[in-house]
Structure formats: C-alpha cells, structure tokens
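Structure record follows, encoded as structure tokens.
Have a look at this one:
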C-alpha cells in the first residue's frame, strides 16, 4: 500500500464517563477511497472531527500528512477539504460569493480566486446557478457546492461526512460520480455513511463501525470472505455437458456447488470465477447459455456480522 | 507545545464579511431608521427648547445632547435606551446562527482558528455601531449648526467627541453580552430574550433596586454608608456607568459623581465649569469600568466558544 495520508492509532474520545470512540485505528492510503460505515451514533463523525482538530482527542494519536491535528490544526486544515453532514451555506449570498468568502479564508491569492471558483463550479456542474442565491438551492446542489469548495481548495484529502444522506437516488448517483472524479484527479477520500449499498460501489476499503469501535476492516471482497464465507456467487446455466457439478466442485476457490434446478448451478466462490466456470462447461462439451455474478453486498455482510455478534453476546 | 500559526489569521476576512452582512441586512436598516428618527425628534425638540431660553450658557452646544422637552427624553436619554437595543440586535445570533445554518463546521474546517471567527464578529459589530453612531453624531452637529447658528467651541467639540467614543464603548458592552448568550444558547430566540431581559433588568429595575438592597446590606443604618453602598451597587449596571460618564463629560460643572462632603466644597466656586481634563478624570473610573465589562463579557464568550462542540 502507498504511504498513508491519514493515520489513526488507538484514537479515543470520551465525554465524561461515556466513550464515543474507543481505540480506533486505521489508515487511508494515497489516492484511495476509504469508507467509515456504520449506524448513526457509532462514532464516525466524532472520529472525523478529531482528525480535523475540531474536537479534542482524549487518547491515542492521529496524523494527517504527518501533522498532529490537535497541535498543528492549520497545517492539517490547509490540505484537507471537509464536507460536514448536511452542509450549510450563507443563504443570502450567491454560490460564487459563498466560495469567495472561503477562498479568502483559505488564502487563495486575489488574482486566482475568480478563475478557481469558476473552474470548481464547472467541475460540479453548477456554473449556470453560480450567481443565484444559495437559499434557492436544493439539498443536492448544496452538497455539490460543498464539493466545489473542496475542489477549489486543491485539497489533497477530502473528508466527506454522510455525503449522500438525504439525497434522492438520482442526486446521490450524481454525487458518487463526482466523488469518483475527485479520486481520479488524485485526491484521497475518507467518507462516512450509514447507507451501505450506496457507498459500496465507490469505496476501495471500508471500516465497519459499531459502538465506537471498528468491527471489520478491509475491501468488500475480503469482508465477504471473512463474514459470509466466500462472497461471490456465480450462476451458470448450461445445456449438455457431463458431470458438471463435480467439475465445478473441483475448481480451486469454490466453496460449494448447488444445482438450483436441472441445468442451472450456483457456485459460491472466494473470487470472481466466471471465466473458469465457462471454461469447465466448454471442456465438458456443454453449451453455456447464461453466466452471472452476484457480488457480496455490504448490507449482507453487515447484517450477518451483527447477527453473529449478537449471538455471541447472548451466548 | 504551542499552537502553530497566528490565532488571528483570517481575522480581516471575517470582519469584512460580517461587516458587509450587517450593513446590507434588513434588520440593521430598521434599527438605523429607528435610531435616526427618534434621535432627530429629540434633537429637534431640544433645539426649540434651547431657542426659547437663550441664556448666556458657555456650553450652549452641549445642551443639544442633554436638553429634554416633555414628553420626549433628551438625545442622550434616547441613545442610552436605543444603543443597547441596536447592539443586542447585531449580536444575539452571531454564533448560534452559524450553528443553525450548519455553516460553522465548514468555516472552521478552513485554516483559521475559532479566535478569528469570534473576534472578527465582535469587531464587525462594533465597527457597524461606530459607523451608525458617528453618522448620527455628525447629523446632530450639522443640525445644531444650522438651527442654532452658534458655532461650537473647541472644548465643546472635544467633549462631544469623547461622548461619541464613550457611546461606542457602551455599545461594545451590550454587543459582548449578546454574543456571550449567542454562544451559550443554541436557539437565537432564547439568546435574544435572555439578553433583552438582562438589559431591561440592568437598565430599568436595578437602579431602583440598589437603594433597597443597600438598606438591607448596611445594618448600622448609617446614611452616608448606605448611599455609597447603593451607588456602588447601581454601578454594576453599564447603564448607570454610561449615565454618570455623560453627566461628567457633557455637564462641565459636574465636580463629582459621588456624594459631596462639606469639606470638599471649601474654596470651590459653585457653578464654575471644570476644564476638560478634570471632567475626564472625574469620569475615568466609569470609562475604565465600561471597557473592562466588555472585555470580561467577551472573554466569557470566548472561553465558552472554545469549549463548544462544533457539530450541529
């Protein structure tokens, strides 16, 4: 993995006797999208605020580009773009004026401000409403304006807190596209969400939060293997061919084979084995009619994991 | 280990933004018109009153500020009532509105400290008050020149100018109080009500309550002690301090703001005005008191703001 841009070691936040975040450790590599996922109140936002130096750290250590956010908050905040949960803007100002204020707080030189703001608004497709007051904006447009702010800042890391929260499906798809574009331009991204299926598609790695701790961490595939016992399900439909079930079962990486109905098999595998399965059908002299793949879903992983955890608690 | 960078980095940006917000807001316009119209009515009444009694007053021009004609209060009387209202109007939602609009965490994630945001808001409020009060002051002087036809002397102008500065300091106290409550209360309406309540208490109820309290506090019933205690208690209210400063600065014959003992009057020429420096000296403790009150209130708000959670 490349050099980490964000590192947390045993990060802890206590409020009185209650512990909101309890010894959380993770790191975000350069150019990666890392997802903090979990139910509301699991400690995701608190973790983010500690990384930004906006909230005291009770224990453990955080490093952003090697800077300690508690001691060098300005150095951290200069390089990190932050989009808070349900972000707000000054409603009586236009989109441009809102960004203009932030641009001056960031310290972007006067000669570059106008151009940078126009470019950033174009990136998030808000150029047409640049001179409209933000009071008239929809929730989705505000979220995009917040992304424009991060683009304008030339941030090397973007921290997005619940970016798709409260958005309709269309708007959240647009926003996820923008997040992918942001990644493509070399920005590392840390995002938090409780909407598992929405963010699954964009995250390289995820950490599942529960009650202030990280319950699981890794790529979606890894988590699938760990929790579901082989996350990929390959469905094969074939005509003819001899002894297909045995051949499928002999393939390396296949956990189980079941014949759902005559001529249709379901293979639970550790990775995407579609090509191998197809080769087996052809080698057995059969004719492949359909081949499909079910990827492991975070939703399933999450539900299964906590079901298991509850069982363990009960035991 | 120290924090890196200046705590006031970005201060100028915040001040300019808040100032432009204040100067363009509908709320400010309403407050300004309220103050201008009532103050001009007071001045007009004062001028007609002064014209009827053209005496050999060496400080005729200063009478513009202090002369009242029933049923209207004097210009100073109006100001001591309306300046707090205006300052509270500017400050009561300074911080909690950022919370409620959910802009606070976004702004604080920019490379500035919280210090810059809070101090910038205070300075912008104070600058707004200074601009409106200076304009009002100039209007008054202009009206006086036209309608009285008597040019003010240098000393009168100096006294009037000190009065302007003191009024701005007085506004600063109420602004700091309003901002303190804007930090403490998340709801702007609660903050406004609490601040207005404290203002009414300090300006209206406290001055009449303090003699009663003093009687209770001084068991011996010694008259002089009781009066002094009552005065000390009354001076806890910024309104009392402002009133005493105005008395000393705009009435040059004022020799003391406390009780006068007979031996102090020996050799004094009754009714003779004090020189400006001596008048300022008489009011100096009150002036320092006003400034100290704003600093204390601001520091209170500052500490509360630093410890506050950013999240909405």
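Protein chains in written order, with the working numbering: chain Z, 1319 to 1633; chain B, 539 to 850.
C-beta: ideal position from N, C-alpha, C; glycine also.
By the CB criterion at 8 Å, residue 1477 (chain Z) and residue 1366 (chain Z) fall inside the cutoff. Of the residues Z:1392, Z:1556, Z:1377, the one whose Cα lies closest to the Cα of residue 1383 (chain Z) is Z:1392.
In chain order, 545, 546 place their CB closer than 7 Å to the CB of residue 653 (chain B), counting only its own chain and leaving out the 5 sequence neighbours on each side.
If the five residues before and after residue 643 (chain B) are omitted, its C-beta is found closer than 6 Å to the C-beta atoms of 848, all from its own chain and listed in chain order. Nearest CB-CB separation between residue 1408 (chain Z) and chain B: below the 8 Å threshold. Contact of residue 1362 (chain Z) with chain B is not assigned, every C-beta pair being separated by 8 Å or more. Nearest in C-alpha terms to residue 815 (chain B), of all of B:829, B:805, B:790, B:800, is B:790. For residue 1331 (chain Z), the uninterrupted beta strand (DSSP E) run begins and ends at 1322-1333, by DSSP. Residue 1537 (chain Z) sits close to residue 1523 (chain Z), with the two beta carbons spaced by under 8 Å.
With 16 or more other Cβ atoms inside 10 Å of its own Cβ, residue 1395 (chain Z) counts as buried. Listed as beta-bridge partners of residue 1352 (chain Z) by DSSP are Z:1508, Z:1523.
For residue 1384 (chain Z), the three-state secondary structure derived from DSSP is coil. The Cβ of residue 807 (chain B) sits no closer than 8 Å to any Cβ of chain Z. For residue 1572 (chain Z), the enclosing beta strand (DSSP E) covers residues 1572-1579. For the beta strand (DSSP E) assignment, the uninterrupted runs of no fewer than 3 residues enclosed by the region 1357-1437 of chain Z are, from N- to C-terminal side, 1377-1382, 1398-1401. Taking each of Z:1446, Z:1333, Z:1492 in turn and checking the Cα distance to residue 1458 (chain Z), the smallest one comes out for Z:1492. Taking a beta-carbon distance threshold of 8 Å, residue 650 (chain B) counts as an interface residue toward chain Z.
Listed along chain B are 647, each with a C-beta nearer than 8 Å to that of residue 1370 (chain Z). Per DSSP, reduced to three states, the secondary structure at residue 817 (chain B) is helical. Counting the other CB atoms within 10 Å of its CB gives residue 588 (chain B) a total of 16 or more, which places it among the buried residues. Looking from the CA of residue 1559 (chain Z), the closest CA among Z:1596, Z:1430, Z:1450, Z:1486 belongs to Z:1596. In this structure, the alpha-carbon of residue 1364 (chain Z) lies about 27 Å from that of residue 1422 (chain Z).
In the structure shown, the three-state DSSP call for residue 769 (chain B) is helix. Listed in chain order, the non-local C-beta contacts of residue 1460 (chain Z) below 8 Å within the same chain comprise 1405, 1406, 1407, 1452, local neighbours out to five positions each way being set aside. With respect to the 8 Å criterion, residue 786 (chain B) and residue 800 (chain B) are not classified as neighbours on the basis of their beta carbons. Taking the CA atoms as reference points, residue 572 (chain B) sits about 29 Å from residue 821 (chain B). Relative to the Cα of residue 707 (chain B), the nearest Cα in the group B:666, B:746, B:694 belongs to B:666.
Contact check for residue 689 (chain B) against residue 683 (chain B) passes: the beta carbons are separated by less than 8 Å.
The Cβ neighbour count for residue 590 (chain B), taken over all protein chains shown within 10 Å, is under 16; the residue is labelled exposed. Annotation for residue 566 (chain B): the continuous alpha helix (DSSP H) segment containing it runs 564-590.
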